[in-house]
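Student: My questions will all concern the structure given below.
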Amino acid sequence: MPSRLGSIGFQWYSSPFGGILKAVRGMHDIFGSEMAKWKWIETQVRSVFETFGYQEIRTPVLENVEVFSKTVGDETDIVEKQMYQVTKENESLVLRPEGTAGFMRAVLEHQLHREPSIQKYFYYLPMFRHERPQKGRLRQFHQFGAEFINDSSPEADADVIALLDAIYRKLGITEYDIRINSLGCLECRPQMKETLTGFLRPALPNLCEQCQKRFERAPFRILDCKRESCREITAKGPSLSSCLCTKCQTHHTQLKKRLEEAQIPFIDDPSIVRGLDYYSSTAFEFTSSLLGAQSALGGGGRYDQLAERFGEKPFPAVGFALGMERLVIALEAKNAFPQPHLFPKLYLAPLGERALDILFPLSLQLRRAGVWTEISYESQKSLKAQLKHANRLQAHFSLILGEDEIGKKVALLKDMAAQTQTEIPLEGIYENLLNKVNREN
Ligand code: AMP
16 MPSRLGSIGF
26 QWYSSPFGGI
36 LKAVRGMHDI
46 FGSEMAKWKW
56 IETQVRSVFE
66 TFGYQEIRTP
76 VLENVEVFSK
86 TVGDETDIVE
96 KQMYQVTKEN
106 ESLVLRPEGT
116 AGFMRAVLEH
126 QLHREPSIQK
136 YFYYLPMFRH
146 ERPQKGRLRQ
156 FHQFGAEFIN
166 DSSPEADADV
176 IALLDAIYRK
186 LGITEYDIRI
196 NSLGCLECRP
206 QMKETLTGFL
216 RPALPNLCEQ
226 CQKRFERAPF
236 RILDCKRESC
246 REITAKGPSL
256 SSCLCTKCQT
266 HHTQLKKRLE
276 EAQIPFIDDP
286 SIVRGLDYYS
296 STAFEFTSSL
306 LGAQSALGGG
316 GRYDQLAERF
326 GEKPFPAVGF
336 ALGMERLVIA
346 LEAKNAFPQP
356 HLFPKLYLAP
366 LGERALDILF
376 PLSLQLRRAG
386 VWTEISYESQ
396 KSLKAQLKHA
406 NRLQAHFSLI
416 LGEDEIGKKV
426 ALLKDMAAQT
436 QTEIPLEGIY
446 ENLLNKVNRE
456 N
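If you read the sequence shown in my numbering, its first letter stands for residue 16, the second for the next number, and so on.
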């Protein structure tokens, strides 16, 4: 019979099903060569945000549930079924499922929209949605997002679309379509809704259960339904762009003109409605054939009325979010990741205690100077074993120090790829190595 302690230990390392504890379904660890890919992408994307004048903002992972329930929309998948909720001491909190609502909460809390200077923010944050996991669709995923506030011009929309386009181009991804649409504004939206519901009403029994549910409160979302039977019906629907008011029409025409001038190809697609309620006017999506079933690379739009959902005066805003994991999939499909340069410059191989006494402080001196240095602390190990380790790490140079070398007041510097070896004096060895390494860079 196992001891009490033993059975507790067993439970700690095992899942209730008896296997090893694993990460939560739809959530992944990122490490090793995968991490190198992520870091490369992150550097590229950040550099594009900087050239477009965006500053980073980080909001908390947890927000009050109202931040999303009041804004993203009751009838959306996110609010209806995907939010991870945490209740603690009468607080009802949510693990952030998307970035814009939390961003708007932060803007209003800190009155950022009243500041004359920075009006462009980007974020890079983990998101949580309880979705059915599959390739490119996770329960914890990461989004880069851009939010451009206080500019209502179609040029701001074109600027944001051009930014998303520039990010993919910077990464070498060109295989995507840009679809844009206008969702109308407070003035023309009622007319659009009436036209749409008038068309859909006779077909209501043939729509899926969820679309039937959405008919009264969120009929536009029906245009976004992925079911083939619903798509067949909506494809025959009337053109809602004819319902746009003059202001929205002019805005949309000007946006298209700006994109043409910028030589950014796009498709005007009335089915682009986005899965979140807060959008009005411009909406857009980038889709790629590199991705498979989950083809959305990124998307966004205007959310000029979002502040009102927080009970505040509205102000213009436009933005987008793009999925990090989908970037990785697209770049892997293209085999487009550069070879990571993740190799130490120097491997210090001490043979014996006295050698370790000399090389240990030297390793720290070199690291302080920014030289990636590895050192073996197993100075009793043979030279062969230590060099094998250096080779495995793909170190550029190894520095070998044994009793013979100490007697001669030198060390041996071995170029691991060229298999050449030179003696260097112990006196001034730090400066000597720095020079050598810097010459090789
Ligand atoms: P959304 O916030 O739904 O407009 O999504 C913006 C982008 O985030 C999408 O175009 C995808 O690239 C990515 N994305 C959305 N949901 C997921 C998910 N569950 N897993 C991975 N990426 C996602």
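Built from N, CA and C at the ideal position, the CB exists for glycine as well. On a predicted model such as this, the values are computed, not experimentally measured, just so you know.
Would LEU179 and PHE330 qualify as a contact pair, given that the criterion is a beta-carbon distance under 8 angstroms?
Tutor: no
Student: How many Å lie between LEU127 and ARG61 at the Cα?
Tutor: 22 angstroms
Student: Is there a C-beta anywhere in chain D that falls below 8 angstroms from the one on ASN221?
Tutor: Given the protein chain composition of this structure (a single chain), no chain D is represented.
Student: According to the Cβ coordinates, are LEU449 and LEU361 closer than 8 angstroms?
Tutor: no
Student: Check PHE25 in the structure and name its three-state DSSP category.
Tutor: Because PHE25 sits at a pLDDT of 42, beneath the cut-off of 50, its placement in the model cannot be relied upon, and the following sentence gives the value as read from the coordinates. In the structure shown, PHE25 sits in a helix (DSSP, three-state: H, G or I).
Student: Ligand 1 and ALA336: does the residue's C-beta get closer than 7 angstroms to at least one heavy atom of that ligand?
Tutor: At least one heavy atom of ligand 1 sits closer than 7 angstroms to the Cβ of ALA336.
Student: Report the option in LEU306, ALA298, GLY417 whose CA atom is closest to the CA atom of SER270.
Tutor: Here residue 270 is Leu; the residue named in the question, Ser, does not match the sequence. Closest by alpha carbon: ALA298.
Student: Between PHE281 and ARG194, is the Cβ-Cβ spacing less than 8 angstroms?
Tutor: yes
Student: Got a sec, what are the start and stop residues for the alpha helix (DSSP H) SER257 sits in?
Tutor: Unbroken run through SER257: none, as it is neither H nor E.
Student: Taking Cβ positions, are GLY41 and GLY151 nearer each other than 8 angstroms?
Tutor: Cβ atoms of GLY41 and GLY151: not closer than 8 angstroms.
Student: Any heavy atom of ligand 1 closer than 7 angstroms to the Cβ of LEU15?
Tutor: Because the chain here runs from 16 to 456, residue 15 falls outside it and cannot be looked at.
Student: Taking 7 angstroms as the cut-off, is the beta-carbon of GLY307 closer than that to any non-hydrogen atom of ligand 1?
Tutor: No, the beta carbon of GLY307 sits no closer than 7 angstroms to any heavy atom of ligand 1.
Student: Would you list the residues sitting across from MET142 in a DSSP beta bridge?
Tutor: PHE156
Student: Identify which residue in SER107, THR249, GLY34, ASP419 has its Cα closest to the Cα of ARG210.
Tutor: Looking at the sequence provided, one finds Thr at residue 210 rather than Arg. THR210 has its Cα closest to that of THR249, out of SER107, THR249, GLY34, ASP419.
Student: In the structure shown, what three-state DSSP assignment does TYR318 receive?
Tutor: coil
Student: Tell me which residue opens and which closes the alpha helix (DSSP H) that GLN264 is part of.
Tutor: 261-276
Student: Check whether the stretch 79-97 and the stretch 115-130 touch, using three or more Cβ-Cβ pairs below 8 angstroms as the test.
Tutor: Segment contact: the stretch 79-97 against the stretch 115-130, three or more CB-CB distances shorter than 8 angstroms; contact assigned.
Student: Using the C-alpha atoms, what's the distance from GLU418 back to HIS404?
Tutor: Between HIS404 and GLU418, the C-alpha separation is close to 21 angstroms.
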